[in-house]
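Q: Before I ask anything, let me first share the structure, which is written out below as structure tokens.
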Amino acid sequence: MEKPTPVITDTQISALQYLIANTSEYPEIFRKTLIWLIYQSKKLTIPVSVTFEGFERHQIWGISDSTTVETFQTGFFPNYVCAMLKAMGSDFNFLDGSKPGNPRPWTIYLTKEFYDQTAQNTIITMENINKIRDIRLDFDPWR
Amino acid sequence: MAPSTTRLAKSRPLSDRQIEALKIYIAGSKDASNFGKRLCFWLIDQSNNLTRPVCVSIPKNCPGTPKGQIELCEQLLNSIHDMISGGNTTHLNSLLTVASTTFRFSVHGGIYDEQGELNNFHGYTAWLSPHLYDDKATRLRLDLEKINAIRLADASYFGGSHDLPEPKESVSWVKKRKQPKV
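Sequence order for the protein chains is A and B. The first sequence lines up with residues 19 to 161 when you count with our numbering. The second sequence lines up with residues 86 to 267 when you count with our numbering.
Shown next as structure tokens:
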């Protein structure tokens, strides 16, 4: 029998967004993407993913590809951010992967299953990236 | 600014998985010394998965205080303060909100005297309780042997047989305060 999904409150979601917004070691667009995925998942109840098409991961991050790879290999992300979801009691996790291609489309998942292909996917291109860029990081949930 | 407890969901004991995640977050902090992190782990363990309010005092200026203890006392203040103040990269009390518990870490100058009053500045006290500077929290006896035996690496995804390296010097308000005037 599947484990029941814990009820997540608005306060928990706000605190999670605050934590991610303040994880300043990650690029702004990346933090915004994670927060956007949380919105899309409807308080971590729906598996979702976002695919960036037309540009590669390092172009989105705005840093060198080697830095990106190194960041991922250290295990500091996504584990550090995933620890926040785990602390919440959720079985959802962030995960990312690139598919073959040129440029390689980059997908970030917020799902229970690894690389869940049934997740509700949104394609982000240069034309509609503003829906993520427009997310604000400077909010204070306690105000 | 600390979140208002009235806005929090009703506190519940955290699961072992949630406790594990809390410890991963603390172990990965860049704002606390390894002693500060171990002390947090110990407080979490002593609180029975955040169901029992606890506190611990470390005396500093009492006659006969070992020199090493003075340093530990500073680390207690710096580490916990820097992980909860919101001015650094660790937001420990926000993570406790994420975990849906009303327990919070707090730290203050002073140690409890024989009358149970926190009325002097001969050290610092740290709490893990739903109430700020909770006078009713169970007062724990500092057990350095147990605290120093805690392996931070066990709580990190990195694993391995070695302990975590000490973080770089954190920018603490106490250290800032002690900067000589130029």
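Cβ coordinates follow ideal geometry from the N, Cα and C atoms, glycine included.
Within its chain, find whatever has a CB closer than 8 Å to the CB of A:Leu103; leave out the 5 residues flanking it on each side and keep chain order.
A: Closer than 8 Å at Cβ, skipping near neighbours: Leu34, Leu62, Phe110, Asn111, Phe112.
Q: Could you name the residues of the same chain whose beta carbon sits closer than 7 Å to that of B:Gln103, not counting the 5 residues immediately before and after it, in chain order?
A: Taken in chain order, the residues that qualify are Ala184.
Q: Between which two residues does the beta strand (DSSP E) carrying A:Asn111 extend?
A: Start and end: 111 to 116.
Q: Which two residues bound the contiguous alpha helix (DSSP H) that contains A:Asn139?
A: Premise fails: A:Asn139 lies in the beta strand (DSSP E), 138 to 142, not in any alpha helix (DSSP H).
Q: Sort out for me which residues DSSP pairs B:His193 with in a bridge.
A: Looking at the DSSP assignment, B:His193 forms a beta bridge with B:Thr210.
Q: With 16 other CB atoms within 10 Å as the buried threshold, where does B:Asn173 fall?
A: Counting Cβ neighbours within 10 Å, B:Asn173 comes out buried, since at least 16 surround it.
Q: Please report the straight-line C-alpha distance between A:Lys149 and A:Pro121, rounded to a whole angstrom.
A: Approximately 22 Å, taken between the alpha carbons.
Q: What's the gap between the Cα of B:Phe126 and the Cα of A:Thr143?
A: Approximately 44 Å between the Cα atoms of the pair.
Q: Say whether chain A places a C-beta atom closer than 8 Å to the C-beta of B:Ile109.
A: Yes, because at least one Cβ of chain A sits closer than 8 Å to the Cβ of B:Ile109.
Q: I'd like to know if B:Leu124 contacts chain A, where contact means its C-beta is closer than 8 Å to some C-beta of that chain.
A: B:Leu124 does not count as touching chain A.
Q: Based on Cα-Cα distance, which residue from A:Thr51, A:Pro45, A:Ser42 lies nearest to A:Leu128?
A: With distances taken between Cα atoms, A:Leu128 lies closest to A:Thr51.
Q: Closest to B:Phe190 by CA distance: which of B:Met168, B:Thr223, B:Glu105 is it?
A: The candidate whose alpha carbon is nearest that of B:Phe190 is B:Met168.
Q: Would you please verify whether the beta carbon of A:Leu29 is less than 8 Å from any beta carbon of chain B?
A: Here residue 29 of chain A turns out to be Thr, not Leu, going by the sequence shown. A:Thr29 counts as touching chain B.
Q: Taking C-beta pairs closer than 9 Å, name the residues in chain B that A:Phe98 reaches, listed in chain order.
A: Rather than Phe, the amino acid found at residue 98 of chain A in this sequence is Tyr. Simply Ile109, Tyr110, Gly113, Tyr242.
Q: Does the Cβ-Cβ distance between B:Cys140 and B:Ala222 come in under 8 Å?
A: Against a cut-off of 8 Å, the Cβ pair of B:Ala222 and B:Cys140 comes out as a contact.
Q: Is any beta-carbon of chain A found at less than 8 Å from that of B:Thr182?
A: With 8 Å as the cut-off, B:Thr182 counts as an interface residue toward chain A.
Q: Return no unless some Cβ of chain B is closer than 8 Å to the Cβ of A:Lys61.
A: Closer than 8 Å: no.
Q: Mind checking whether B:Tyr110 and B:Leu180 have CB atoms under 8 Å apart?
A: Yes. Within cutoff.
Q: Using the rule of at least 16 other Cβ atoms within 10 Å of the residue's Cβ for burial, across every protein chain shown, is A:Thr125 buried or exposed?
A: So A:Thr125 ends up on the buried side.
Q: DSSP three-state call for B:Ser100: helix, strand or coil?
A: Here B:Ser100 sits in coil by DSSP.
Q: Going by other Cβ atoms of all chains shown within 10 Å of its Cβ, with 16 needed for buried, is A:Gln135 buried or exposed?
A: Looking at its Cβ environment, which holds fewer than 16 other Cβ atoms inside 10 Å, A:Gln135 is exposed.
Q: Looking at the structure shown, is B:Arg137 part of a helix, part of a strand, or coil, going by DSSP?
A: Coil.
Q: Does the CB of B:Ala106 have a neighbour CB from chain A at under 8 Å?
A: With 8 Å as the cut-off, B:Ala106 counts as an interface residue toward chain A.
Q: Who does A:Phe70 pair with in a DSSP beta bridge?
A: DSSP, once it has assigned bridges, lists A:Trp124, A:Ile142 as partnering A:Phe70.
Q: To the nearest angstrom, how far is the alpha carbon of A:Ala101 from that of A:Tyr44?
A: Looking at the two C-alpha atoms, the distance is approximately 16 Å.
Q: Does the beta-carbon distance from A:Arg151 to A:Ile53 come in below 8 Å?
A: No.
Q: What are the residues that DSSP puts in a beta bridge with A:Ile153?
A: Per DSSP, none; premise fails for A:Ile153.
Q: Tell me whether A:Ile26 is buried or exposed, calling it buried when 16 or more other Cβ atoms sit within 10 Å of its Cβ.
A: When all chains shown are included, A:Ile26 counts as buried.
Q: For the candidate residues A:Phe73, A:Thr140, A:Ile147, whose alpha-carbon lies nearest to that of A:Gln58?
A: The shortest Cα separation from A:Gln58 among A:Phe73, A:Thr140, A:Ile147 belongs to A:Thr140.
Q: Which residues of chain A have a Cβ atom closer than 9 Å to the Cβ of B:Gln103, listed in chain order?
A: By Cβ distance, chain A contributes Lys104, Ala105, Met106, Gly107.
Q: Just the Cα atoms here: how many angstroms apart are B:Asn205 and B:Leu227?
A: Roughly 18 Å separates the two Cα atoms.
Q: Could you tell me which uninterrupted alpha helix (DSSP H) segments, each at least 4 residues in length, are contained entirely in the stretch 103 to 136 of chain B, listed from first to last along the chain?
A: You should have 119 to 131.
Q: Could you give the distance in angstroms between the alpha-carbon of B:Ile129 and the alpha-carbon of B:Asp101?
A: The straight-line gap from Cα to Cα measures roughly 11 Å.
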